Amino acid sequence: MKLLTDDEIFDLLDGIAPTEIHQRHQQLMALDENYRQYFNELRELHESLAVLPLESPSLAFENKLLTKWETDQSSYKIPFLLQILPFLFVSLLALVLVGTFVFWRLQPSNNSGAGNGFEDLLNSIDLKMIQRLLLCINSLLLLLIFERILKKRWKRQLEEA
Amino acid sequence: MNENLKDIAIIERIKTGDKSAYRDLVHRHKDFAFTVAYRILNHREEAEEAAQDAFMQAFAALKDFNQTAKFTTWFYRIVFNAALCAKRRQKPTETITENHALAYSVMDTTQNLQKKERFAQIQRALAQLSPDDVTIITLFYLKEHSLDEIADITAISSETIKVKLHRARKRLAEVLRIQLGAEVKNLY
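Structure, rendered in structure tokens:
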């Protein structure tokens, strides 16, 4: 009698084999010792796999994951500020440069030429005010960088805990 | 209530801003996510990390989740991919041979011990299969997924899944036979 293939045996075990295979299987079980042994081996494996228990992660898994998720969520707004700050800085710089250039070009070139117009412009700028403004922007940048570094360390510590 | 409807109800709560719903979702699926990752990676810490990554990705993408689809199919695809990524990051030289130690107890009967030993043998044999094969076997047996669902999760056609499932089980039986042979040899 023709033996069943592995695929046919697995179909039998999964309960999707046609009647013809069931009949051949019954006959082989009754007549062929080797087949019976092989089928029982696969059946045992099939049954063991079906009752193989689920693994469980560590007890801290849930809390660790949820803390990580909350930290990730709360730190979303800061990178946005950090992202636009350089653009803001470069845009302001560009604006000042363009403004200076336009102002210089528009100066009347009556007797002392264009160079004097530029000097007048430089003299009219309140350098102390610019220094204060730059100091504020730099402090803000520094604070944001510090905050980012500290948050990263805090996050790492949370993950390690 | 149907299991998928329970998941959808939890997702609805998350969308309305109920933070405790995240915990409910994790509680429902953490064991299965961890088991799939663990069977692929054979390393508890790495499996926990992969399962965590999968949950984080799923949380971030929950707003895009199509609620007419089955949540577990969608989520297990994320878990499978996260575990595969972690597997790729594993150095080939650092072969993971985690000992699947049995948690014996004084109360264990002989039958229980035999069962535990059998599970440990199967775990060791599963560790020798490819990630695809392990996932197919895990999905097929643990949650009784249909071949079509497994095909959706692993992005492999259902015909190929059927062939792979048969081959994986055959290979598993062979590995077990070799293992048992070695154990019998060691006894003498």
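As you go down the protein sequences, you meet chains D and P in turn.
Here our numbering is used: position 88 in the first sequence is 158, and no number is missing along the way.
Here our numbering is used: position 48 in the second sequence is 1450, and no number is missing along the way.
Each residue gets a CB set at the ideal place from its N, CA and C atoms; glycine is no exception.
Nothing here was measured: the structure is a model prediction, and the numbers come from that model.
How close, in whole Å, do the beta carbons of residue i and residue j come, if the pair is a contact with beta carbons under 8 Å?
i	j	result
P/Val1441	P/Val1577	The sequence as given places Arg at residue 1441 of chain P; Val does not occur at that position. At roughly 14 Å, the Cβ-Cβ gap does not stay under 8 Å, so P/Arg1441 and P/Val1577 are not in contact.
P/Gln1454	D/Leu135	5 Å
P/Phe1615	P/Asp1409	As shown, chain P starts at 1403 and ends at 1590. That puts residue 1615 of chain P outside it, with no answer to give.
P/Phe1467	P/Ile1413	7 Å
D/Trp139	P/Tyr1424	7 Å
D/Leu115	P/Ala1575	5 Å
D/Thr141	D/Leu228	7 Å
D/Leu210	D/Leu152	Wrong, their Cβ atoms sit about 11 Å apart, outside the cutoff.
P/Tyr1543	D/Leu122	7 Å
P/Arg1594	P/Leu1531	Residue coverage of chain P in this structure runs from 1403 to 1590, which leaves residue 1594 of chain P outside it and unanswerable.
P/Ala1449	P/Leu1443	5 Å
P/Thr1437	P/Asp1554	At roughly 19 Å, the Cβ-Cβ gap does not stay under 8 Å, so P/Thr1437 and P/Asp1554 are not in contact.
So is residue i buried or exposed if we call it buried at 16+ other beta carbons inside 10 Å?
i	result
D/Glu73	Correcting the residue identity first, residue 73 of chain D is Leu in this sequence and not Glu. The residue in question, D/Leu73, is exposed, as its Cβ has fewer than 16 Cβ neighbours within 10 Å.
D/Asn193	exposed
P/His1445	buried
P/Val1428	buried
P/Glu1496	Unreliable positioning characterises P/Glu1496 in this predicted model, as indicated by a pLDDT of 49, which lies under 50. A coordinate reading is not provided.
P/Thr1540	buried
D/Leu176	exposed
P/Lys1411	A small correction: the amino acid at residue 1411 of chain P is Ala; Lys does not occupy that position in the sequence shown. It is exposed - the Cβ of P/Ala1411 has fewer than 16 other Cβ atoms within 10 Å.
P/His1431	buried
D/Pro127	buried
D/Thr75	exposed
P/Thr1556	buried
P/Arg1490	exposed
P/Phe1482	buried
P/Ile1580	exposed
P/Ile1563	buried
D/Val168	exposed
D/Arg113	exposed
D/Ala130	exposed
D/Ile86	exposed
D/Phe216	exposed
Is there a Cβ from chain C that is less than 8 Å from the Cβ of residue i?
i	result
P/Ile1538	Absent from the structure is chain C; the protein chains it does hold are D and P.
Listed in chain order, which residues of the region 103-122 of chain D have Cβ atoms closer than 7 Å to some Cβ of chain P?
Glu111, Leu112, Leu115, Ser118, Leu119, Ala120 and Leu122
Residues from the region 1550-1572 of chain P in contact with chain D, defined by Cβ distance under 7 Å:
Result list: His1568, Arg1571 and Lys1572.
I'd like the ranges of any alpha helix (DSSP H) spanning at least 4 consecutive residues and lying wholly in the region 1512-1563 of chain P.
Along the region 1512-1563 of chain P, the alpha helix (DSSP H) occurs as fully enclosed runs of 4 or more residues at 1512-1528, 1533-1544 and 1549-1556, listed in sequence order.
Completely contained alpha helix (DSSP H) runs for the region 102-140 of chain D, where each covers 4 or more residues
103-121
Could you run through the region 1435-1463 of chain P and flag, in chain order, every residue whose CB is less than 7 Å away from some CB of chain D?
Phe1436, Thr1437, Tyr1440, Glu1450, Ala1453, Gln1454, Phe1457, Met1458 and Phe1461
Taking only beta carbons into account, state which residues of the region 121-135 of chain D come closer than 8 Å to chain P, listed in chain order.
Under the 8 Å Cβ criterion, the region 121-135 of chain D contributes Leu122, Pro123, Leu124, Glu125, Ser126, Pro127, Ser128, Phe131, Glu132, Lys134 and Leu135.
Interface positions of the region 1410-1425 of chain P facing chain D (Cβ-Cβ less than 7 Å), listed along the chain
Against chain D - using a Cβ distance shorter than 7 Å - the residues of the region 1410-1425 of chain P are Tyr1424 and Arg1425.
Along the region 159-177 of chain D, what residues have a CB closer than 7 Å to any CB found in chain P?
none
With 7 Å as the limit, tell me which residues of the region 1514-1532 of chain P have their beta carbon closer than that to any beta carbon of chain D; keep them in chain order.
Correct list: Arg1520, Phe1521 and Ile1524.
Ignoring anything shorter than 4 residues or poking outside the region 1418-1471 of chain P, list the alpha helix (DSSP H) runs there in chain order.
1422-1443 and 1446-1463
Which of the residues in the region 199-224 of chain D, read from start to end, lie with their CB under 8 Å from any CB of chain P?
none
Which of the residues in the region 72-84 of chain D, read from start to end, lie with their CB under 8 Å from any CB of chain P?
Answer set for the region 72-84 of chain D: Asp76, Asp77 and Phe80.
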